[in-house]
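Numbering (our numbering), first residue to last: 1295 to 1510. A virtual CB, placed ideally from N, CA and C, is assigned to each residue, including glycine.
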């Protein structure tokens, strides 16, 4: 009895270890103006797991606020979500500022049939926003200026059980100094019934139909 109980306890602990390991790698936020780059990992700028925040100067830019969030702050092990907010002002001659947020995951719920990318914001400059699953682009918005918002459903699922990387890229292009621009967007899973509902309501034109081939 004691040996059986001990064996069961060891198996249970191993299962807990596997669950913890599938939480994903450390989320990383990178902000660059092409010559100066700031890289911030999870736990920097915010004490909560899965949340990264930054404000400060990068080259000729004043990043008034950037907030990135991933698991465990949002989403679940099998239904990952990511969110990125960027707000900045060009201090001198303008230019381009790129926000890149990525995280690695190793779990996926089989009842999820795609991902939805959403995007919005406002600014005097131009903004381009894109999302990726590994090397597959899920969505691309822009360049847009003024007030903007959009969303796109992508019928793409990872090659689970392989690890996969989700990435969000937001690019701000301010043509002159003193221009302020901000964006807000993210990636979230779409359950199959919701995906079919979107197609049924005439939003099929917004949906990507690329599907990565699952490994046998």
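Item	Value
Residue from 1457, 1378, 1418 with nearest C-alpha to residue 1482	1378
Reduced DSSP category for residue 1449 - H, G, I as helix; E, B as strand; rest coil	coil
Beta-carbon proximity check, residue 1417 vs residue 1326, cutoff 8 Å	no
Residue 1328 classed as buried or exposed, judged by whether at least 16 other C-beta atoms fall within 10 angstroms	exposed
Residue of 1343, 1455, 1395, 1424 minimising C-alpha distance to residue 1437	1424
Backbone CA spacing between residue 1374 and residue 1364 [nearest angstrom]	7 Å
Whole-angstrom distance between residue 1388 and residue 1314, CA atom to CA atom	For residue 1314, the predicted model reports a pLDDT of 36, less than 50, meaning its position is unreliable and no value from the coordinates is stated.
Where the beta strand (DSSP E) containing residue 1426 begins and where it ends	1406–1427
Own chain partners of residue 1394 with C-beta closer than 6 Å, once the 5 adjacent residues on each side are dropped	1324, 1463
Exposed unless 16 or more other CB atoms sit within 10 angstroms - verdict on residue 1408	buried
Residue range of the unbroken beta strand (DSSP E) whose run includes residue 1403	Segment: none, residue 1403 is in no beta strand (DSSP E) and carries neither H nor E.
Cut-off 7 Å between Cβ atoms - residues of its own chain near residue 1471, not counting five sequence neighbours on either side	1384, 1385, 1386, 1387, 1388
For residue 1464, the three-state DSSP class (helix, strand or coil)	strand
Counterpart residues of residue 1478 in DSSP-defined beta bridges	1379, 1414
C-beta contact flag for residue 1399 and residue 1458 at 8 Å	yes
Own chain, CB closer than 6 Å to residue 1469, minus 5 neighbours either side, in chain order	1388
Contacting residues, own chain, Cβ-Cβ under 7 Å from residue 1336 (five flanking each side not counted)	1320, 1321, 1343, 1344, 1346
From 1392, 1480, 1402, residue whose alpha carbon lies closest to that of residue 1445	1480
Environment of residue 1333 [buried if 16+ CB atoms lie within 10 Å]	exposed
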